[in-house]
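The numbering used here numbers the first residue of the sequence shown as 2 and each following residue consecutively. Think of the CB as a built atom: it goes at the ideal place given N, C-alpha and C, for glycine as much as any other residue. The model shown is predicted, which means the values in this text are computed figures rather than measured ones.
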Amino acid sequence: MCGIVGIVSSNTNVVPLLVRSLKRLEYRGYDSAGFAFIIEGKLVVLKDKGYIDHVVKKYNVLSLYSNIGIAHTRWATHGQPSKINAHPHTDCKGLIAVVHNGIISNYLELKRQLEEKGHVFKSETDTEVIAHILEEYIIGEGLTPLQALHKLVKILKGTYAVALLYANTPNRIYFAKNVSPLILAVSPTYGLLSSDIPSLIEYSRKIVVVEDGEYGFVEPGNIVLYKDGRPVNWRPRIHVVNWSVADIEKAGYPHFMLKEIMEQPRALYDTYSGILADENVVRAAKLIVESSKVFVTGAGTSYHAGLTATYYFARVANQLPHAFISSEAELYADLASEDTVLIAISQSGETIDTLKAVRLFKKRGAKIIAISNVIGSAIPREADITVYTRAGPEIGVAATKTYLTQILVLQHIAFHVGFLRGLYSESELKNYIKLLGQAPKAVEQSLQRASPHINRLAMRLHREEHMYILGRLLGAFLALEAALKIKEVSYIHAEAYPAGESKHGPIALVHQGFPTIFIGTPPAHIVEKIASNIEEMMSRGAFTVLIGLSCYEDVKANFKLLLGPCDEYLAPYYIMPALQLLAYRLAVLRGYDPDKPRNLAKTVTVE
Ligand code: F6R
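The structure is reproduced here in structure tokens:
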């Protein structure tokens with residue numbers, strides 16, 4: 002959803018650093034990219050449509066020398082991907098260069114006013130208004146850049162994380178923020194800002210999250226932060242992150258998606274150990290027990306983790322929270338009140354739809370429990386309680402390791418709710434929690450066992466354009482996530498629905514060889530039903546695949562892969578890694594880059 006980064010140093014060449022940092026933000030969007038530097042007192046802007054590597058090569062960016070620069074990788078919202086619409090955008094005089102993540106909702110009105118004053122616009126973007134407004138304030142009215150930013154944040158509407166260079170202050174990168182994420186990093190030598198932590202981690206692990214309405218500048222070894230015309234003390238807000246550079250590199254894997262699938266045992270182990278020491282799990286469970294209505298929300302994969310959580314809440318806590326897709330929040334927020342809890346799931350903590358859902362529920366007095374992978378991100382900041390997953394940075398656009406860690410956290414909360422409700426004893430609770438400790442091992446075994454079979458299956462399926470993915474109860478929720486993974490990275494149309502639903506319509510599409518993947522989950526009494534659903538499909542010529550657990554031993558399918566014991570709590574950890582691998586292999590066999598699915602961005606910060 003666009004990534005911005007800025008680095009300034011007093012005496013080093015920041016050009017290679019900026020290129021590296023921008024590459025680490027590429028997951029946020031990659032239809033165009035650009036850089037602005039100040040070289041010998043003049044702004045130099047280099048940008049084009051295409052990947053960052055293309056822009057770097059085209060302009061031989063790495064041959065430049067500058068101690069200050071900003072950069073942008075774009076996911077188009079206003080104006081098609083093109084060189085003209087790529088960021089940075091400049092003012093009429095070429096003294097101010099701006100990069101922006103977000104959407105300025107009142108840009109048409111602002112643009113009209115600026116055009117009336119004689120400003121000439123080069124692009125179709127909303128962002129360009131920012132450069133011209135600052136030109137008015139700084140060059141026209143003689144304000145300092147800080148005074149200009151103070152005025153700017155008052156008139157801009159919408160969402161923005163903005164970084165800018167002004168040719169006359171060659172040691173400062175200015176910034177302003179509303180809703181879209183913006184991170185500063187504390188360093189004795191650099192001034193550093195970015196949309197996300199991984200792009201700065203090589204230079205500093207001390208992070209300051211910029212709040213809405215704040216603006217200021219970074220310069221070598223210093224941060225200056227303002228809000229409403231007054232300085233803000235940012236030092237008490239420093240977070241120290243423990244991610245390493247190795248965490249954000251591919252570590253020998255061809256793609257981040259594969260690396261992140263393979264590192265799930267570690268991600269689950271860290272999350273499990275973290276949860277055991279995290280009192281917020283019990284606090285969250287208490288809040289749920291004390292409330293009369295519980296909703297769960299998220300977008301995409303996080304929503305699917307939420308759906309899976311409803312299954313476990315029903316099974317172990319005798320409660321069925323209502324799960325909804327966060328962009329649909331309006332309908333559900335109307336039912337919220339002070340005794341309502343919303344569990345908001347977002348790996349990035351920045352997804353605007355989920356953030357807006359949180360705000361709607363808060364307005365009604367509801368309490369918010371956030372599940373997130375990014376410390377200090379927007380949703381945890383607005384939540385009453387946050388339980389963090391500890392998956393490490395997820396760079397691949399398709400969520401994999403964060404999904405299973407979210408389920409692990411939610412299962413823990415569900416078990417605690419069941420215990421607090423008196424459904425089982427403390428020693429039973431301990432046994433359940435101990436069982437969840439097997440999740441990392443389950444994933445490890447599943448990946449080892451599945452890998453060669455999934456390669457064969459992917460060979461059979463990679464030329465298909467459509468497939469069904471079916472399951473019952475828990476399996477129906479896992480099927481939704483499998484279908485999303487396959488769709489987004491391999492562009493095969495994979496449709497998921499509860500297996501019993503076939504005969505109510507979808508089976509009409511089935512013809513000779515039509516691929517239908519069944520997810521074989523517990524409880525044991527659904528095995529027979531799944532078996533007869535498979536029969537129905539086979540008798541119509543479908544190519545049936547069964548990916549499941551040992552209770553499906555006697556069930557027949559054209560291709561069968563059983564990955565572990567029939568345990569309903571560990572089922573996601575045995576089954577999902579194989580389906581993630583399948584999505585990955587299908588993408589690669591079809592010649593696509595699974596780390597850069599078309600039209601997608603990792604974090605969606607526009608509605
Ligand atoms: C799918 C995927 C997306 C995200 C969704 C929510 O692989 O990654 O569907 O799950 O955009 O993102 P977060 O969890 O950051 O709120």
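Inter-residue CB distance, residue i and residue j (contact presumed, cutoff 8 Å)
i	j	result
I396	I249	6 Å
I40	S67	5 Å
V187	I239	6 Å
I376	V297	Not quite, the Cβ-Cβ distance comes to about 22 Å (not below 8 Å), so this is no contact.
A532	V556	4 Å
L194	I184	7 Å
G51	T126	Not really, about 17 Å apart at Cβ, beyond 8 Å.
Y273	P441	7 Å
Y574	V444	5 Å
A484	A495	4 Å
S1	D354	Since the first and last residues shown for the chain are 2 and 608, residue 1 lies out of range.
L288	V342	6 Å
Y304	I326	5 Å
Contact check, residue i vs residue j, beta carbons under 8 Å
i	j	result
S33	N86	yes
I527	A558	no
K1	A399	As displayed, the chain neither begins before 2 nor continues past 608, which places residue 1 out of reach and without an answer.
D197	L26	yes
T604	T352	yes
G159	I71	no
I380	A285	no
G393	W244	yes
V490	Y404	no
G521	I548	yes
D568	P524	no
L458	F560	yes
C651	G35	The requested residue 651 is not part of the displayed model; the chain covers only 2 to 608.
Y191	L150	no
I408	I370	no
P566	L550	yes
P182	A162	yes
L587	H463	yes
R473	V511	no
I53	V99	no
G95	L47	no
D213	K178	yes
L336	K294	yes
Element boundaries [beta strand (DSSP E), containing residue i]
i	result
Y161	159 to 167
N179	174 to 179
D49	43 to 50
Y216	215 to 220
L547	544 to 549
T390	No beta strand (DSSP E) holds T390; DSSP gives it neither H nor E.
Residues that residue i bridges to, as DSSP identifies them
i	result
V241	K207
K58	In DSSP, K58 forms no bridge with anything.
M468	A495
A34	D49, T74
A324	V297
Y227	Y216, P232
G4	T74
L562	I548
L185	L194, V209
S347	S373
K368	V342
H90	V99
S428	Paired residues: none, contrary to the question.
S10	Y191
I39	L44
Extent of the continuous alpha helix (DSSP H) run through residue i
i	result
D248	246 to 249
Y404	402 to 421
L194	Where L194 is concerned, there is no enclosing alpha helix (DSSP H), although the beta strand (DSSP E) it sits in stretches over 191 to 195.
V317	301 to 318
N102	No alpha helix (DSSP H) contains N102, which is instead part of the beta strand (DSSP E) from 97 to 105.
G521	Counting along the chain, G521 falls outside any alpha helix (DSSP H), though it belongs to the beta strand (DSSP E) covering 516 to 521.
L462	440 to 462
S503	Looking at the DSSP string, S503 is not in any alpha helix (DSSP H), and its letter there is neither H nor E.
G143	From DSSP, G143 is part of no alpha helix (DSSP H); its letter is neither H nor E.
D271	265 to 277
L65	It is not in any alpha helix (DSSP H) - L65 carries neither H nor E in the DSSP assignment.
heavy atom of the ligand NAP below 7 Å from residue i C-beta
i	result
L343	As far as ligands go, the structure on display features the ligand F6R and does not contain the ligand NAP.
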